[in-house]
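Engineer: First the structure, then my questions, so here it is.
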Amino acid sequence: MNKPIDFQTILGADGRPAFVVMPYDEFVKNFEQANDLVPDAVVKLSFDEEMSPAKAWRTHLGLTQAEVAQRLGVTQSAYAQLEASSKLRKSSREKIAVALGISPGQLDF
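If you read the sequence shown in my numbering, its first letter stands for residue 659, the second for the next number, and so on.
As structure tokens, this is what we get:
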């Protein structure tokens, strides 16, 4: 059974929760477990602009297809096909994640 986290909720002027205060060691433990988080900007690119997760990440990071392709050791056109895929194979997702400097789970949303 997990020990409950001791935290405090601070209400905003409107009476709704605005902040949470928690012990630092609990924060660090929870933050380390959240390594597959995706920035809001990447999610917006993916859904609002209808980009694949790989393209959204590449755009967010300011990289060209040619730069990512070079990191992967493939041609730009080969990477373009991977990036356009709506469902990457696990091995492709892992390789692209390394090239982008993110975790594979951050490409799986």
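Backbone N, C-alpha and C define an ideal beta-carbon position, used for all residues, glycine too.
Since the structure is predicted, the reported quantities are computational estimates derived from the model, not experimental observations.
Between F665 and V678, how many whole angstroms is the CB-CB distance? I'm expecting something under 8 Å.
Structural biologist: Here residue 665 refers to the residue found at position 7 when the sequence shown is read from its first residue. Here residue 678 refers to the residue found at position 20 when the sequence shown is read from its first residue. That belief holds up - the Cβ atoms of F665 and V678 are roughly 5 Å apart, short of 8 Å.
Engineer: Would you please state the rounded distance, in angstroms, between the beta carbons of S743 and D694? I believe it to be under 8 Å.
Structural biologist: If you number the sequence shown from 1, residue 743 lands on position 85. If you number the sequence shown from 1, residue 694 lands on position 36. No, S743 and D694 are not in contact; Cβ-Cβ is about 20 Å, not under 8 Å.
Engineer: What do you reckon, are the CB atoms on E741 and K702 nearer than 8 Å?
Structural biologist: Here residue 741 corresponds to residue number 83 of the sequence shown, with the count starting at 1. Here residue 702 corresponds to residue number 44 of the sequence shown, with the count starting at 1. Against a cut-off of 8 Å, the Cβ pair of K702 and E741 comes out as no contact.
Engineer: Is V599 helix, strand or coil when you go by DSSP?
Structural biologist: Beyond the ends of the chain as shown, which are 659 and 767, falls residue 599; an answer cannot be given.
Engineer: In its own chain, which residues sit with a C-beta less than 8 Å from the C-beta of P697, not counting the 5 before and 5 after it?
Structural biologist: If you number the sequence shown from 1, residue 697 lands on position 39. The answer, listed in chain order, is H718.
Engineer: Taking all protein chains shown into account, decide if L746 is buried (16 or more other Cβ within 10 angstroms of its Cβ) or exposed.
Structural biologist: By 1-based counting over the sequence shown, the position of residue 746 is 88. The residue is buried, with at least 16 neighbouring Cβ atoms inside 10 Å.
Engineer: If you measure between the beta carbons of A699 and V726, is that distance less than 8 Å?
Structural biologist: Along the sequence shown, one-based indexing puts residue 699 at 41. Along the sequence shown, one-based indexing puts residue 726 at 68. Contact: no.
Engineer: Can you grab the Cα-Cα spacing for the pair R716 / K748, in whole Å?
Structural biologist: Position 58 of the sequence shown, counted from the start, is the residue given in the question as residue 716. Position 90 of the sequence shown, counted from the start, is the residue given in the question as residue 748. Cα-Cα distance, rounded: 18 Å.
Engineer: Round the Cβ separation of L730 and K753 to the nearest angstrom and send it over; I've been treating them as touching at under 8 Å.
Structural biologist: Translated into positions along the sequence shown, residue 730 becomes position 72. Translated into positions along the sequence shown, residue 753 becomes position 95. Going by Cβ atoms, the distance from L730 to K753 rounds to 6 Å, so yes, they are a contact pair.
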